[in-house]
Amino acid sequence: MDIAIIGASGFTGGDLIRLLLTHSQAEVTCATSRKEEGATVDSVHRNLKGLCSLKFTDPETRTVDADFAFLAVPHTVAMNYTADLMERGIKTVDLSADYRLPLDVYEGTYGVEHKNYFTAPYGLPEIHREEIKGSSFVANPGCFPTGATLAAAPLAGMAETVIFDSKTGVSGAGVAPSATNQYTNVADSLKAYKWTNHRHLSEMKQELAFLGSDADCHFTPHLLPVNRGILTTAHILLREPVEQAEAEKLYEDFYRNEFFIRLQNPTLAEVRGSNFCDIAVESEGRRVVAVSAIDNLVKGASGQAIQNMNIMCGYKENDGLVNAPVFP
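Following this note's numbering, the numbering of the sequence shown begins with 82 at its first residue and continues without gaps.
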(Lines of atoms letter the chains of each structure in order from A; the text may use other names.)
(Lines give C-alpha, C1' and ligand atoms only; values in the text may rest on other atoms or scores of the structure.)
Protein backbone atom coordinates (compact mmCIF):
# COMPACT_ATOMS: atom_id res chain seq x y z
CA MET A 82 0.00 0.00 0.00
CA ASP A 83 1.41 3.39 -1.03
CA ILE A 84 1.51 5.99 1.74
CA ALA A 85 1.57 9.79 1.48
CA ILE A 86 2.64 11.91 4.44
CA ILE A 87 1.40 15.46 4.04
CA GLY A 88 3.55 17.71 6.18
CA ALA A 89 6.44 15.28 6.60
CA SER A 90 9.28 17.57 7.68
CA GLY A 91 8.30 17.88 11.35
CA PHE A 92 8.89 15.52 14.25
CA THR A 93 5.69 13.53 13.72
CA GLY A 94 6.35 13.25 9.98
CA GLY A 95 9.85 11.96 10.65
CA ASP A 96 8.60 9.35 13.09
CA LEU A 97 5.89 8.22 10.65
CA ILE A 98 8.60 7.55 8.06
CA ARG A 99 10.85 5.84 10.62
CA LEU A 100 8.15 3.50 11.89
CA LEU A 101 6.73 2.67 8.45
CA LEU A 102 10.16 1.43 7.31
CA THR A 103 9.37 -1.85 9.11
CA HIS A 104 5.71 -2.17 8.03
CA SER A 105 4.98 -5.32 6.05
CA GLN A 106 2.13 -3.85 3.97
CA ALA A 107 2.87 -0.13 3.64
CA GLU A 108 5.55 1.95 1.96
CA VAL A 109 5.97 5.73 2.06
CA THR A 110 6.00 6.89 -1.56
CA CYS A 111 5.20 10.57 -1.07
CA ALA A 112 6.43 13.02 1.58
CA THR A 113 5.35 16.63 1.25
CA SER A 114 6.72 19.82 2.74
CA ARG A 115 6.28 23.34 1.45
CA LYS A 116 9.34 24.54 3.36
CA GLU A 117 11.62 21.64 2.36
CA GLU A 118 10.36 21.02 -1.18
CA GLY A 119 13.13 19.50 -3.31
CA ALA A 120 15.28 18.43 -0.37
CA THR A 121 15.85 14.76 0.34
CA VAL A 122 14.03 13.35 3.34
CA ASP A 123 17.27 12.10 4.91
CA SER A 124 18.86 15.55 4.67
CA VAL A 125 16.13 16.89 6.97
CA HIS A 126 15.56 13.78 9.10
CA ARG A 127 19.22 12.88 9.39
CA ASN A 128 18.52 9.81 11.53
CA LEU A 129 17.05 8.30 8.33
CA LYS A 130 20.28 8.70 6.32
CA GLY A 131 20.49 5.85 3.82
CA LEU A 132 17.02 4.59 4.78
CA CYS A 133 14.73 6.90 2.80
CA SER A 134 15.67 8.24 -0.64
CA LEU A 135 12.50 10.28 -1.23
CA LYS A 136 12.50 14.00 -1.93
CA PHE A 137 9.98 16.34 -0.37
CA THR A 138 7.32 17.52 -2.80
CA ASP A 139 4.79 20.36 -2.74
CA PRO A 140 1.83 19.58 -0.45
CA GLU A 141 -0.80 20.07 -3.16
CA THR A 142 -3.07 17.07 -2.53
CA ARG A 143 -4.23 16.81 -6.13
CA THR A 144 -0.71 15.69 -7.04
CA VAL A 145 -0.62 13.05 -4.29
CA ASP A 146 -0.84 9.53 -5.69
CA ALA A 147 -1.33 7.15 -2.77
CA ASP A 148 -3.70 4.64 -1.22
CA PHE A 149 -3.51 6.14 2.26
CA ALA A 150 -2.55 9.55 3.66
CA PHE A 151 -1.38 10.90 6.99
CA LEU A 152 -2.10 14.58 7.60
CA ALA A 153 0.77 15.83 9.75
CA VAL A 154 0.14 19.54 9.22
CA PRO A 155 -0.77 22.03 11.99
CA HIS A 156 -4.18 22.48 13.57
CA THR A 157 -6.51 24.70 11.48
CA VAL A 158 -4.50 23.75 8.36
CA ALA A 159 -5.51 20.10 7.99
CA MET A 160 -9.13 21.05 7.18
CA ASN A 161 -7.91 22.56 3.91
CA TYR A 162 -6.80 19.15 2.63
CA THR A 163 -9.59 16.82 3.68
CA ALA A 164 -12.21 17.46 1.00
CA ASP A 165 -9.87 16.54 -1.85
CA LEU A 166 -8.52 13.44 -0.10
CA MET A 167 -12.01 12.15 0.64
CA GLU A 168 -13.28 12.95 -2.85
CA ARG A 169 -10.45 10.88 -4.29
CA GLY A 170 -11.14 7.99 -1.92
CA ILE A 171 -7.80 8.21 -0.11
CA LYS A 172 -8.16 6.85 3.42
CA THR A 173 -6.69 9.28 5.92
CA VAL A 174 -5.56 9.66 9.51
CA ASP A 175 -5.42 13.31 10.60
CA LEU A 176 -2.85 14.03 13.31
CA SER A 177 -4.14 17.58 13.86
CA ALA A 178 -7.01 18.55 16.16
CA ASP A 179 -9.35 19.59 13.34
CA TYR A 180 -11.74 16.63 13.62
CA ARG A 181 -11.36 15.46 17.23
CA LEU A 182 -14.18 17.51 18.75
CA PRO A 183 -17.78 18.56 18.06
CA LEU A 184 -17.93 21.65 15.85
CA ASP A 185 -18.96 24.12 18.55
CA VAL A 186 -16.34 22.84 20.98
CA TYR A 187 -13.62 22.92 18.32
CA GLU A 188 -14.40 26.48 17.23
CA GLY A 189 -14.60 27.64 20.84
CA THR A 190 -11.34 25.92 21.77
CA TYR A 191 -9.28 26.92 18.73
CA GLY A 192 -10.91 30.28 17.97
CA VAL A 193 -11.40 29.65 14.25
CA GLU A 194 -14.29 28.91 11.92
CA HIS A 195 -14.06 25.35 10.58
CA LYS A 196 -14.08 25.31 6.76
CA ASN A 197 -14.94 21.66 6.12
CA TYR A 198 -16.39 20.01 9.20
CA PHE A 199 -17.63 16.45 9.45
CA THR A 200 -17.68 13.93 12.27
CA ALA A 201 -14.92 11.34 12.44
CA PRO A 202 -14.03 8.48 14.78
CA TYR A 203 -11.71 9.51 17.60
CA GLY A 204 -8.65 7.36 17.07
CA LEU A 205 -7.91 6.01 20.53
CA PRO A 206 -8.03 2.28 19.66
CA GLU A 207 -8.22 0.98 23.22
CA ILE A 208 -11.51 2.88 23.60
CA HIS A 209 -12.88 3.30 20.04
CA ARG A 210 -11.62 0.30 18.09
CA GLU A 211 -15.02 -0.69 16.67
CA GLU A 212 -15.66 2.84 15.38
CA ILE A 213 -12.24 2.93 13.71
CA LYS A 214 -12.70 -0.37 11.86
CA GLY A 215 -13.77 0.21 8.28
CA SER A 216 -13.64 4.00 8.59
CA SER A 217 -12.10 6.02 5.77
CA PHE A 218 -11.07 8.95 8.00
CA VAL A 219 -9.90 8.96 11.63
CA ALA A 220 -8.98 11.85 13.92
CA ASN A 221 -5.81 10.95 15.79
CA PRO A 222 -5.96 12.01 19.47
CA GLY A 223 -3.75 14.60 21.09
CA CYS A 224 -0.71 13.44 23.01
CA PHE A 225 -1.87 14.61 26.46
CA PRO A 226 -5.41 13.17 26.09
CA THR A 227 -3.94 9.82 25.05
CA GLY A 228 -1.90 9.37 28.22
CA ALA A 229 -4.56 10.90 30.44
CA THR A 230 -7.52 8.93 29.10
CA LEU A 231 -5.68 5.62 29.21
CA ALA A 232 -4.61 6.31 32.81
CA ALA A 233 -8.15 7.00 34.01
CA ALA A 234 -10.35 4.89 31.73
CA PRO A 235 -10.92 1.82 33.94
CA LEU A 236 -12.20 4.02 36.78
CA ALA A 237 -13.90 6.76 34.75
CA GLY A 238 -17.45 5.60 35.43
CA MET A 239 -16.80 5.56 39.19
CA ALA A 240 -15.15 8.98 39.38
CA GLU A 241 -16.44 12.16 41.00
CA THR A 242 -13.41 14.31 40.16
CA VAL A 243 -10.36 13.68 37.97
CA ILE A 244 -7.25 15.85 38.05
CA PHE A 245 -4.59 15.24 35.40
CA ASP A 246 -1.02 16.43 35.98
CA SER A 247 1.24 15.84 32.96
CA LYS A 248 4.97 16.34 32.40
CA THR A 249 6.03 16.52 28.74
CA GLY A 250 9.22 16.61 26.74
CA VAL A 251 10.26 19.54 24.55
CA SER A 252 9.47 17.82 21.23
CA GLY A 253 5.80 18.47 21.97
CA ALA A 254 6.47 22.12 21.12
CA GLY A 255 7.36 21.19 17.54
CA VAL A 256 10.44 21.46 15.36
CA ALA A 257 10.40 25.24 14.77
CA PRO A 258 12.72 27.20 17.11
CA SER A 259 10.89 29.27 19.71
CA ALA A 260 11.27 30.66 23.20
CA THR A 261 9.40 27.59 24.46
CA ASN A 262 11.99 25.11 23.22
CA GLN A 263 15.11 27.28 23.49
CA TYR A 264 17.80 25.45 25.46
CA THR A 265 18.38 28.16 28.05
CA ASN A 266 14.66 28.34 28.82
CA VAL A 267 14.26 24.58 29.25
CA ALA A 268 17.48 23.10 30.63
CA ASP A 269 17.75 22.60 34.40
CA SER A 270 14.17 23.74 34.88
CA LEU A 271 10.54 22.62 35.14
CA LYS A 272 7.52 24.83 34.64
CA ALA A 273 3.75 24.64 34.42
CA TYR A 274 1.98 26.31 31.50
CA LYS A 275 -1.62 26.95 30.49
CA TRP A 276 -2.49 25.96 34.03
CA THR A 277 -6.26 25.77 33.62
CA ASN A 278 -7.06 26.26 29.93
CA HIS A 279 -4.93 23.94 27.79
CA ARG A 280 -6.73 23.06 24.54
CA HIS A 281 -6.41 19.31 25.19
CA LEU A 282 -8.73 19.54 28.20
CA SER A 283 -11.71 19.46 25.81
CA GLU A 284 -10.62 16.06 24.51
CA MET A 285 -10.14 14.69 28.02
CA LYS A 286 -13.63 15.77 29.05
CA GLN A 287 -15.07 14.29 25.86
CA GLU A 288 -13.45 10.90 26.44
CA LEU A 289 -14.38 10.70 30.11
CA ALA A 290 -17.99 11.41 29.12
CA PHE A 291 -17.83 8.68 26.46
CA LEU A 292 -16.70 6.29 29.20
CA GLY A 293 -19.78 7.11 31.24
CA SER A 294 -18.25 9.68 33.56
CA ASP A 295 -19.83 12.93 34.70
CA ALA A 296 -16.76 13.78 36.78
CA ASP A 297 -15.30 17.25 37.09
CA CYS A 298 -12.09 17.21 35.05
CA HIS A 299 -9.01 19.41 35.46
CA PHE A 300 -5.63 19.43 33.72
CA THR A 301 -2.29 21.18 34.12
CA PRO A 302 0.71 20.40 31.87
CA HIS A 303 4.38 20.95 32.72
CA LEU A 304 7.43 21.21 30.47
CA LEU A 305 10.34 18.88 31.23
CA PRO A 306 13.92 19.27 29.93
CA VAL A 307 13.80 15.97 28.03
CA ASN A 308 13.34 15.26 24.32
CA ARG A 309 10.49 12.75 24.38
CA GLY A 310 7.77 11.46 26.63
CA ILE A 311 4.74 12.34 28.72
CA LEU A 312 4.29 11.16 32.30
CA THR A 313 0.71 11.73 33.47
CA THR A 314 -0.50 11.42 37.05
CA ALA A 315 -4.27 11.06 37.31
CA HIS A 316 -5.73 11.87 40.73
CA ILE A 317 -9.12 10.14 40.69
CA LEU A 318 -11.61 10.88 43.47
CA LEU A 319 -14.23 8.13 43.53
CA ARG A 320 -17.81 8.17 44.73
CA GLU A 321 -17.14 4.97 46.69
CA PRO A 322 -13.81 3.57 47.93
CA VAL A 323 -11.99 0.69 46.24
CA GLU A 324 -9.24 -1.46 47.72
CA GLN A 325 -5.85 -1.86 46.05
CA ALA A 326 -6.55 -5.39 44.83
CA GLU A 327 -9.85 -4.31 43.29
CA ALA A 328 -8.25 -1.33 41.56
CA GLU A 329 -5.52 -3.52 40.09
CA LYS A 330 -8.09 -6.05 38.86
CA LEU A 331 -10.13 -3.31 37.17
CA TYR A 332 -7.07 -2.26 35.19
CA GLU A 333 -6.06 -5.84 34.40
CA ASP A 334 -9.54 -6.67 33.12
CA PHE A 335 -9.93 -3.45 31.13
CA TYR A 336 -6.60 -3.83 29.33
CA ARG A 337 -6.34 -7.62 29.26
CA ASN A 338 -6.17 -7.93 25.46
CA GLU A 339 -4.37 -4.67 24.67
CA PHE A 340 -0.93 -5.28 23.19
CA PHE A 341 0.27 -1.71 23.69
CA ILE A 342 -0.82 -1.35 27.33
CA ARG A 343 1.69 -2.64 29.87
CA LEU A 344 0.77 -2.62 33.55
CA GLN A 345 4.02 -1.76 35.27
CA ASN A 346 5.56 1.18 37.10
CA PRO A 347 5.80 3.83 34.35
CA THR A 348 8.98 5.68 33.41
CA LEU A 349 9.64 7.80 30.35
CA ALA A 350 12.88 5.96 29.62
CA GLU A 351 11.14 2.60 29.27
CA VAL A 352 8.66 3.70 26.58
CA ARG A 353 11.03 5.89 24.54
CA GLY A 354 10.64 5.41 20.79
CA SER A 355 7.78 2.92 21.19
CA ASN A 356 4.00 2.74 20.91
CA PHE A 357 3.61 1.33 24.42
CA CYS A 358 1.71 2.98 27.26
CA ASP A 359 2.83 1.85 30.70
CA ILE A 360 0.32 2.28 33.53
CA ALA A 361 0.27 1.65 37.28
CA VAL A 362 -2.43 2.31 39.86
CA GLU A 363 -2.47 2.79 43.63
CA SER A 364 -5.53 3.19 45.83
CA GLU A 365 -6.04 4.78 49.21
CA GLY A 366 -9.80 4.27 49.33
CA ARG A 367 -11.79 6.99 47.61
CA ARG A 368 -8.65 8.53 46.14
CA VAL A 369 -6.86 6.54 43.47
CA VAL A 370 -3.66 7.60 41.73
CA ALA A 371 -3.01 6.22 38.25
CA VAL A 372 0.19 7.03 36.39
CA SER A 373 0.88 6.54 32.68
CA ALA A 374 3.95 7.00 30.49
CA ILE A 375 3.98 7.34 26.71
CA ASP A 376 6.32 8.60 24.03
CA ASN A 377 4.53 11.77 22.90
CA LEU A 378 5.72 11.35 19.31
CA VAL A 379 4.77 7.67 19.02
CA LYS A 380 1.78 6.54 21.10
CA GLY A 381 0.98 10.25 21.42
CA ALA A 382 1.10 10.85 17.66
CA SER A 383 2.75 8.88 14.83
CA GLY A 384 2.65 5.38 16.31
CA GLN A 385 -0.99 5.68 17.24
CA ALA A 386 -1.71 7.01 13.74
CA ILE A 387 -0.17 3.85 12.27
CA GLN A 388 -2.10 1.74 14.78
CA ASN A 389 -5.26 3.41 13.48
CA MET A 390 -4.23 2.81 9.87
CA ASN A 391 -3.72 -0.87 10.62
CA ILE A 392 -7.22 -1.14 12.12
CA MET A 393 -8.81 0.81 9.25
CA CYS A 394 -7.16 -1.40 6.64
CA GLY A 395 -7.57 -4.75 8.38
CA TYR A 396 -3.85 -5.26 8.99
CA LYS A 397 -2.35 -6.73 12.13
CA GLU A 398 -2.71 -3.93 14.66
CA ASN A 399 0.93 -3.89 15.71
CA ASP A 400 2.42 -4.12 12.20
CA GLY A 401 5.30 -1.64 12.01
CA LEU A 402 5.04 -0.99 15.73
CA VAL A 403 6.74 -3.96 17.39
CA ASN A 404 9.74 -1.91 18.40
CA ALA A 405 11.30 -2.36 21.81
CA PRO A 406 11.71 0.95 23.65
CA VAL A 407 15.23 2.37 23.45
CA PHE A 408 16.79 1.92 26.90
CA PRO A 409 18.92 3.23 28.45
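Beta carbons are placed, not taken as given, at the ideal position from N, Cα and C, and that holds for glycine.
Residue i - partner residues in DSSP beta bridges
i: ILE86; result: ALA112, PHE151
i: CYS358; result: ILE342
i: ARG368; result: LEU318
i: ALA273; result: HIS303
i: TYR203; result: ALA220
For residue i, the first and last residue of its enclosing beta strand (DSSP E)
i: PRO302; result: 297-304
i: LEU318; result: 311-323
i: ASP246; result: 240-249
i: ASP175; result: 172-175
Residue i versus residue j: straight-line alpha-carbon distance, rounded
i: ASP359; j: GLU207; result: 13 Å
i: ILE171; j: GLY395; result: 15 Å
i: GLU365; j: ALA371; result: 11 Å
i: ASN391; j: ASN404; result: 16 Å
i: VAL369; j: ARG320; result: 11 Å
i: ASP297; j: SER283; result: 12 Å
i: LEU152; j: TYR180; result: 12 Å
i: GLY119; j: ALA220; result: 29 Å
i: VAL122; j: GLY91; result: 11 Å
Residue i vs residue j beta-carbon contact at 9 Å
i: PHE335; j: LEU402; result: no
i: LEU100; j: SER383; result: yes
i: TYR162; j: PRO140; result: yes
i: PHE137; j: THR173; result: no
i: ILE84; j: GLU108; result: yes
i: LEU236; j: LEU312; result: no
i: ARG280; j: GLY223; result: yes
Residue range of the unbroken alpha helix (DSSP H) whose run includes residue i
i: ILE208; result: 206-213
i: SER124; result: 122-125
i: ALA386; result: 384-394
i: VAL403; result: Segment: none, VAL403 is in no alpha helix (DSSP H) and carries neither H nor E.
i: ALA220; result: Where ALA220 is concerned, there is no enclosing alpha helix (DSSP H), although the beta strand (DSSP E) it sits in stretches over 218-220.
i: PRO118; result: Inspection of the sequence shows that residue 118 is occupied by Glu rather than by Pro. No alpha helix (DSSP H) holds GLU118; DSSP gives it neither H nor E.
i: LEU236; result: Segment: none, LEU236 is in no alpha helix (DSSP H) and carries neither H nor E.
i: TYR191; result: 184-191
i: ASP165; result: 160-168
Three-state class that DSSP yields for residue i in the structure shown
i: VAL379; result: helix
i: THR265; result: helix
i: ALA374; result: strand
i: LYS136; result: strand
i: GLU329; result: helix
i: GLU363; result: strand
i: LEU102; result: coil
i: PHE408; result: coil
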